[in-house]
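S.K.: Below you'll find the structure I mean.
In the working numbering, the protein residues as written are 27 to 240.
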């Protein structure tokens with residue numbers, strides 16, 4: 027199910043927790059900063075506001091996340107999963123065969139919107155820029171988990187058109203998209219020939235090789 031996001035402001039407890047974590051980090055790395063440099067930095071006007079801006083940027087990014095707990099049937103092939111998802115298929119069978127194999131029968135699938143700065147002046151997101159957004163979020167595509175999630179939540183893609191992207195062994199960008207088209211739910215799987223527009227949310231599971239996995 028989706029993790030709810032509260033619209034209320036931070037609680038006093040959260041503020042105390044934030045201050046505690048900042049203090050712990052400062053104590054841990056105190057030898058990395060000289061007393062003189064620390065004094066100069068603390069003398070900068072609005073230093074607190076500057077530090078909080080970093081936290082707020084992270085919080086804003088997290089508020090754009092939708093997290094689903096997904097039960098995945100790993101006994102099925104990607105094509106069998108597609109056949110069971112209840113969507114009209116527009117798929118390239120060769121690309122379906124390149125879908126990366128995920129792990130685990132119960133996964134945390136995170137949907138995210140790329141940062142606005144990742145889009146070009148025409149409002150488009152290049153596949154390479156999306157690769158970087160996946161890395162930034164500490165995620166990697168798990169197409170089968172996303173297929174099963176859209177099967178379990180058939181109306182989700184109506185309001186949240188969603189996709190994932192991966193690279194095949196030849197370095198080609200491939201994708202799967204889930205949305206409503208021509209009055210019905212569809213899934214497309216193919217190699218990429220265009221850039222992404224701003225309507226899409228992208229999904230992935232925590233990348234075990236990344237320390238920034240959300």
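Ideal Cβ placement from N, Cα and C applies to all residues, glycine included.
Please say whether residue 192 and residue 126 have beta carbons closer to each other than 8 Å?
M.R.: yes
S.K.: Going by DSSP in three states, residue 75 sits in which element: helix, strand or coil?
M.R.: It is helical.
S.K.: Rounding to the nearest angstrom, what Cα-Cα distance links residue 154 and residue 198 in this structure?
M.R.: 11 Å
S.K.: Could you tell me the distance, in whole angstroms, from the CA atom of residue 117 to the CA atom of residue 206?
M.R.: 15 Å
S.K.: Specify, as a first and last residue, the run of the alpha helix (DSSP H) that residue 119 falls within.
M.R.: 119–122
S.K.: How do the segment 153–171 and the segment 123–141 stand: do at least 3 beta-carbon pairs fall below 8 Å, yes or no?
M.R.: yes
S.K.: Are residue 181 and residue 204 close, meaning C-beta to C-beta below 8 Å?
M.R.: One thing to note: residue 181 has its Cβ no nearer than 8 Å to the Cβ of residue 204.
S.K.: Can you give me the C-alpha to C-alpha distance between residue 37 and residue 81, rounded to a whole angstrom?
M.R.: 15 Å
S.K.: Under the DSSP definition of a beta bridge, which residues are partnered with residue 173?
M.R.: For residue 173, which the question treats as bridged, DSSP gives no partner whatsoever.
S.K.: By Cβ distance, which residues of its chain are closer than 6 Å to residue 113, with the 5 residues on each side in sequence left out?
M.R.: 211, 212, 213
S.K.: In or out: residue 133 buried (at least 16 other Cβ within 10 Å) or exposed?
M.R.: buried
S.K.: So for residue 152, helix, strand or coil by DSSP?
M.R.: coil
S.K.: Count the other CB atoms, across all protein chains shown, that sit within 10 Å of the CB of residue 71; report buried if there are 16 or more and exposed otherwise.
M.R.: For residue 71, the number of other beta carbons within 10 angstroms of its own is below 16, and it is reported as exposed.
S.K.: What span of residues does the beta strand (DSSP E) with residue 93 cover, start to end?
M.R.: 92–97
S.K.: Whole-angstrom Cβ separation of residue 225 and residue 169, contact assumed at under 8 Å?
M.R.: Contact flag wrong, Cβ pair sits at about 19 Å.
S.K.: For residue 182, name the three-state secondary structure that DSSP assigns.
M.R.: Judged by DSSP in its simplified three-state form, residue 182 adopts helix.
S.K.: Is it buried or exposed, residue 189, if we count other Cβ atoms within 10 angstroms and call 16 or more buried?
M.R.: buried
S.K.: What are the boundary residues of the beta strand (DSSP E) that includes residue 135?
M.R.: Here the beta strand (DSSP E) through residue 135 covers 132–138.
S.K.: On the DSSP bridge list, what partners appear for residue 193?
M.R.: 199
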